[in-house]
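**Q** Just dropping this structure here.
There are 2 protein chains.
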Amino acid sequence: MSVQGDPAREAGTRQRILRAAFQLFHEQGYHATGVATILREAGVNPGSLYHAFPGKETLLEQVLEYALGILGPVVMEPVEAATADPVDRVFALMEQYRDGMARAGCHMGCPIGNLALEVSDSHPAARELIHRNFAAWTARVQGWLEAAGDRLPRSLDRGRLARFILTVMEGGLLQARAAGNLAPFDEAVAQLRDVFRGLEAEAGTRSGGRRRPRRRVPAAGTARGRRMADATSAREDR
Amino acid sequence: MSVQGDPAREAGTRQRILRAAFQLFHEQGYHATGVATILREAGVNPGSLYHAFPGKETLLEQVLEYALGILGPVVMEPVEAATADPVDRVFALMEQYRDGMARAGCHMGCPIGNLALEVSDSHPAARELIHRNFAAWTARVQGWLEAAGDRLPRSLDRGRLARFILTVMEGGLLQARAAGNLAPFDEAVAQLRDVFRGLEAEAGTRSGGRRRPRRRVPAAGTARGRRMADATSAREDR
DNA sequence: ACACGGCTTGAGCGATCGTTCAAATTGCTT
DNA sequence: AAGCAATTTGAACGATCGCTCAAGCCGTGT
Numbered sequence: 001m002s003v004q005g006d007p008a009r010e011a012g013t014r015q016r017i018l019r020a021a022f023q024l025f026h027e028q029g030y031h032a033t034g035v036a037t038i039l040r041e042a043g044v045n046p047g048s049l050y051h052a053f054p055g056k057e058t059l060l061e062q063v064l065e066y067a068l069g070i071l072g073p074v075v076m077e078p079v080e081a082a083t084a085d086p087v088d089r090v091f092a093l094m095e096q097y098r099d100g101m102a103r104a105g106c107h108m109g110c111p112i113g114n115l116a117l118e119v120s121d122s123h124p125a126a127r128e129l130i131h132r133n134f135a136a137w138t139a140r141v142q143g144w145l146e147a148a149g150d151r152l153p154r155s156l157d158r159g160r161l162a163r164f165i166l167t168v169m170e171g172g173l174l175q176a177r178a179a180g181n182l183a184p185f186d187e188a189v190a191q192l193r194d195v196f197r198g199l200e201a202e203a204g205t206r207s208g209g210r211r212r213p214r215r216r217v218p219a220a221g222t223a224r225g226r227r228m229a230d231a232t233s234a235r236e237d238r
Numbered sequence: 239m240s241v242q243g244d245p246a247r248e249a250g251t252r253q254r255i256l257r258a259a260f261q262l263f264h265e266q267g268y269h270a271t272g273v274a275t276i277l278r279e280a281g282v283n284p285g286s287l288y289h290a291f292p293g294k295e296t297l298l299e300q301v302l303e304y305a306l307g308i309l310g311p312v313v314m315e316p317v318e319a320a321t322a323d324p325v326d327r328v329f330a331l332m333e334q335y336r337d338g339m340a341r342a343g344c345h346m347g348c349p350i351g352n353l354a355l356e357v358s359d360s361h362p363a364a365r366e367l368i369h370r371n372f373a374a375w376t377a378r379v380q381g382w383l384e385a386a387g388d389r390l391p392r393s394l395d396r397g398r399l400a401r402f403i404l405t406v407m408e409g410g411l412l413q414a415r416a417a418g419n420l421a422p423f424d425e426a427v428a429q430l431r432d433v434f435r436g437l438e439a440e441a442g443t444r445s446g447g448r449r450r451p452r453r454r455v456p457a458a459g460t461a462r463g464r465r466m467a468d469a470t471s472a473r474e475d476r
């Protein structure tokens, strides 16, 4: 008999627990989330959880593996599908995080970043998985930057820039949480755009006066415009 | 009778509690720190704590006010005393955070940043105080940047750059915690230095070919050299 | 039809959580 | 030296924490 109706009751018990725990850890943090809350949200009894996972610590680790698993299909691929231009993808990704945070009233931010500061000191296995999440994130962005070809300086270390993008994003999200509005995040993204402008200018002038093919891929569809550009004028969400 | 010996027993009860709580919140986070641990570390009984503070939440707020109070004397003034050049001060400050993290084996990072992600969603009063800590931090750095005069582009928004420095620092510390070593932080600081190089170059060429007085204040004493420069070559601490 | 293994149920475990309070002590005032 | 408020003491509270386990349910193989 197929299940329907209550979405929390669909899919396997294990998956429901992972999903509920992932969301709760993201919203409230690891320590602030009681097992009882996870049970309620997943619609499951204690015995079932402890049948699927040895304990809360292991659950955290599996949640981080789950996050690693959905990074591609849920986070990166939508951006890639909606935006073809490699550099635009970076800022589309930023906007996706922005939307996620705005939707929740400036709560949350990056699920991995939040856990990074809370558990990576005390829980080595979780720290390693958080690190792997970041590595996968930056690797994907690095791929985009490599696809940007000579729009960026030839000598530029694409991996290094990808890590810098993560640095700026996490720093911006952190300050946005502290401010209670998205202005710091928008400003951080605008400053990241400044950096890109500088790099693209550098790539355009140097390297034998090569014609820089501005917006080299006119791209399919994607009428995303400049919505988030020059956001020094702080928008006040909420 | 004046107290001596055990340093935790000197100074008023209230101060001892604040100091212990500040350190523990920094090391382990707010939720992971039990009141019992604070009591033990401060050498105090429950009644004394609840005589001085209504509860743990209020203690957190007072700790954040305490942090705001020591920001100048403990964090900023040592940097200002040791380093005269305004731009160098920025990187001396970064190195101070680096040292703090290295000393503790890559734990901790920024006490305020850690709490920002853990409590600012659920505790509005704490969020506001965290915000004020960040504002005070960036205001101080902004002062340095203003003192840099025309070594930076005239049109550059000094406050905006100060906030970007905080963004990069927090993002770098977060990734360093996740990596378990300081390489990501060093890389972030190196990239911040790239940004400064670009800005100083821009200020030097533009604005009527004015002679840029490189290292305008030869500075007193401070033989700090270039220790932390060009840190793309990732140092592997630990 | 029956046995069996995987999964779920939910009452309840001991430990720890943040907190209380009556009594004892301390330190200042007179 | 007596009085009094401020402070400290520490046993104990109810609530919640992460977690256990005997019992029951259910799908499958034979």
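Protein sequences appear in the order of chains Z and W.
Counting from 1, one number per residue, gives the positions in the first sequence under this note's numbering.
Counting from 239, one number per residue, gives the positions in the second sequence under this note's numbering.
Note that CB positions come from ideal geometry on N, CA and C, so glycine has one too.
Output, in chain order, the set of chain W residues within a Cβ distance shorter than 7 angstroms of T167/Z.
**A** Result: V406, G409, G410, Q413 and A426.
**Q** Whose Cβ in chain Z lies nearer than 7 angstroms to the Cβ of I368/W?
**A** Those within 7 angstroms of I368/W in chain Z are A178.
**Q** Is there at least one Cβ from chain W nearer than 8 angstroms to Q23/Z's Cβ?
**A** No, Q23/Z lies away from the interface with chain W (no Cβ there is under 8 angstroms from its Cβ).
**Q** Do you know offhand how far N419/W's Cα is from V301/W's?
**A** Spanning the two alpha carbons is a distance of roughly 28 angstroms.
**Q** Consider the Cβ of L355/W: report whether some Cβ of chain Z lies at a distance smaller than 8 angstroms.
**A** It does: the Cβ of L355/W has a partner Cβ on chain Z nearer than 8 angstroms.
**Q** Taking all protein chains shown into account, do 16 or more other C-beta atoms lie within 10 angstroms of the C-beta of G105/Z, making it buried, or fewer, making it exposed?
**A** By the neighbour-count rule (16 or more Cβ atoms within 10 Å), G105/Z is not buried but exposed.
**Q** Identify, in the order they occur along the chain, each residue of the same chain with its Cβ nearer than 6 angstroms to the Cβ of A20/Z, setting aside the five sequence neighbours on each side.
**A** Once the five neighbours on either side are set aside, the close Cβ partners of A20/Z are I38, E41 and A42.
**Q** To the nearest angstrom, report how far apart A116/Z and A363/W are at their CA atoms.
**A** For A116/Z and A363/W, the distance between alpha carbons rounds to 23 angstroms.
**Q** Where R449/W and V90/Z are concerned, what is the direct C-alpha to C-alpha distance, given to the nearest angstrom?
**A** Residue confidence for R449/W is low, a pLDDT of 45 falling below 50, so the modelled location carries little weight and cannot support an answer.
**Q** Nearest to E295/W by CA position, among A320/W, L367/W, Y335/W and P422/W, is which residue?
**A** Ranking A320/W, L367/W, Y335/W and P422/W by Cα distance to E295/W puts L367/W first.
**Q** Start and end of the alpha helix (DSSP H) containing T159/Z?
**A** It should be noted that the sequence gives Gly, not Thr, for residue 159/Z. Run containing G159/Z: R158 to A179, per the alpha helix (DSSP H) assignment.
**Q** Can you tell which of W144/Z, L59/Z, D186/Z and Q23/Z has the C-alpha that lies nearest to the C-alpha of E95/Z?
**A** Cα-wise, what sits closest to E95/Z is D186/Z.
**Q** Candidates R197/Z, Y66/Z and V168/Z: which alpha carbon is nearest L430/W's?
**A** Answer by Cα proximity: V168/Z.
**Q** Closer than 8 angstroms is the cut-off here; do at least three beta carbon pairs connect the segment 344-351 of chain W with the segment 395-411 of chain W?
**A** Segments in contact, yes.
**Q** Could you say if the segment 196-206 of chain Z and the segment 375-385 of chain W meet the contact criterion of at least three C-beta pairs nearer than 8 angstroms?
**A** No, because fewer than three Cβ pairs between the segment 196-206 of chain Z and the segment 375-385 of chain W fall closer than 8 angstroms, the two stretches do not touch.
**Q** Taking 8 angstroms as the cut-off, decide whether the C-beta atoms of P86/Z and L24/Z are in contact.
**A** Contact: no.
**Q** Specify the secondary structure class of S358/W as computed by DSSP and reduced to three states.
**A** Three-state result, S358/W: coil.
**Q** Quick check on the burial criterion: 16 or more other C-beta atoms within 10 angstroms. Buried or exposed for R392/W?
**A** Answer is exposed; the Cβ neighbour count stays below 16.
**Q** So, helix, strand or coil for M339/W, using DSSP?
**A** Helix at M339/W.
**Q** So is G29/Z buried or exposed if we call it buried at 16+ other beta carbons inside 10 Å?
**A** Per the 10 Å Cβ criterion, buried.
**Q** Are F372/W and L394/W touching if we call contact CB-CB under 8 angstroms?
**A** No. Outside cutoff.
**Q** Does the Cβ of H131/Z have 16 or more other Cβ atoms within 10 Å, making it buried, or fewer, making it exposed?
**A** Burial call: buried.
**Q** V433/W touches chain Z at which residues, Cβ-Cβ below 8 angstroms?
**A** Going along chain Z in sequence order, the residues near V433/W (Cβ under 8 angstroms) are V195.
**Q** I need the straight-line Cα distance from A36/Z to L60/Z, nearest angstrom please.
**A** Answer to the nearest angstrom: the Cα atoms are 15 angstroms apart.
**Q** Quick check on DSSP: helix, strand or coil for F260/W?
**A** Three-state result, F260/W: helix.
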